[in-house]
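Report on the following structure.
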Ligand SMILES: *Cc1c(COP(=O)(O)O)cnc(C)c1O
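Rendered as structure tokens:
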């Protein structure tokens, strides 16, 4: 059998650390070598050996319309002919901002940047500059990009200082981050008491989807808002995944909760590198050049990326878009779950909107420490069984799956047959 991917990966290893430009792509947690993709159309992608897959990774979330959506391709093509970057304001930025702000009551103003990490990093600076405080609360099981102060995990004891999850992060930075478990308001209240008047913001993925899918209760998120208000801290929703995914207005809209700051990424760029952060006018007024909190970007608001984002979000803003996507996802998930129930597998898919995740167990979970790490070898088996049958997912048991609008009922029915067959090969 041909395996051009393996050959290309060997070559890539001589160019890039570990052969990749983002770590999880390297297939380390599932074993084997990463597949090199050469094209995608709708819900399907094709690798360099001409094998086709139904894609549930969707570039890790951005492609909510699937690959090479006609309107994005056409409009980006036209935009390219007019020049790719000016370093001046362009109408493309206004158009995307207007579409977002008119359909999202949770932010008054927005600033475009180039990635999710950059959005979080910038909004964090804003939170600190605005409140004049330096500590932040972050939750175990939430990922916020590779910002120094957020690549941090809890120490072994409760009162221990946190430790960095990467080398190269100064202790002084780590010491300003407080790590707490999700789904527990008491520990948040205690942290506010312990670090009185020092906490700038509480940052959370309102739909934690980077370390499994750890759905939170609305009452919990409301509780965080209450505690932030009580203690003069900002509530910061990192909606890089959930923004334009669970609702046009993200988790803020899905749960109808008003945070102080929101970061976006992934879907907002229509498959191009775009991030953004936004909030109330009073807060955003502190960003340069209106205010004194500096943040800039040579390619920020890039007209090509803005055009792609605009045409993707225009589709998303159509009436019924999210209901339809959610209902197709629910049918797919129920189909798989009914099969697992019948055959007695200790496995189910958990879901919210058009996101799903493989859980090795019967119950949904809400905290990182409830994930059964001992089941990851079983996930790897399942993963390769899925690949063999033409299903592509993010290569780690901690990653969620995404369903795009191009995943029609018939694609999903086909995927369900293959998924069940892969489960059978894994569990029987
Ligand atoms: C993906 C992600 C990020 C980082 O975005 P990049 O574009 O990869 O830098 C930050 N926060 C959340 C919630 C994410 O899902």
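Residue numbers (my numbering): 12 to 439.
Think of the CB as a built atom: it goes at the ideal place given N, C-alpha and C, for glycine as much as any other residue.
Predicted, not measured: the structure shown is a model, and the values here were computed from it.
Practice problem: Buried or exposed for residue 424, please, with buried defined as at least 16 other CB atoms from any protein chain shown within 10 angstroms of its CB. | Solution: exposed
Quiz item: Between which two residues does the alpha helix (DSSP H) harbouring residue 241 extend?
Solution: 229 to 242
Quiz item: If you drop the 5 nearest sequence neighbours on each side, which residues of the same chain put their C-beta closer than 8 Å to that of residue 110?
Solution: 321, 324, 325, 328
Quiz item: For residue 256, is the classification buried or exposed, using 16 other Cβ atoms within 10 angstroms of its Cβ as the cut-off for buried?
Solution: buried
Quiz item: Taking 8 Å as the line, does the beta carbon of residue 15 fall inside it for any heavy atom of ligand 1?
Solution: no
Quiz prompt | Cβ pair residue 383, residue 192 closer than 9 Å | solution = no
Quiz prompt | Reduced DSSP category for residue 274 - H, G, I as helix; E, B as strand; rest coil | solution = strand
Practice problem: Alpha carbon to alpha carbon, how far is residue 75 from residue 414? Give it in angstroms, no decimals. | Solution: 7 Å
Self-check item: Which of helix, strand or coil DSSP assigns to residue 322
Solution: helix
Quiz item: Is it the case that the Cβ atoms of residue 285 and residue 262 are separated by a distance below 9 Å?
Solution: no
Self-check item: First through last residue of the beta strand (DSSP E) which encompasses residue 155
Solution: From DSSP, residue 155 is part of no beta strand (DSSP E); its letter is neither H nor E.
Quiz item: What number of angstroms, rounded off, separates the C-alpha of residue 391 from the C-alpha of residue 434?
Solution: 12 Å
Quiz prompt | Residues near residue 223 in its chain [Cβ-Cβ closer than 6 Å; skip 5 each side] | solution = 368, 382, 409
Practice problem: Take residue 318 as the anchor and find which of 215, 94, 372, 52 has the nearest alpha-carbon. | Solution: 94
Quiz item: Should residue 410 be counted as a contact of ligand 1 given a C-beta to heavy atom distance under 8 Å?
Solution: no
Quiz item: Measuring CA to CA, which of 161, 108, 125 is closest to residue 277?
Solution: 125
Quiz item: So, is residue 478 buried or exposed, given that buried needs 16 or more other C-beta atoms within 10 angstroms?
Solution: With the chain covering 12 to 439 only, the question about residue 478 has no answer from this structure.
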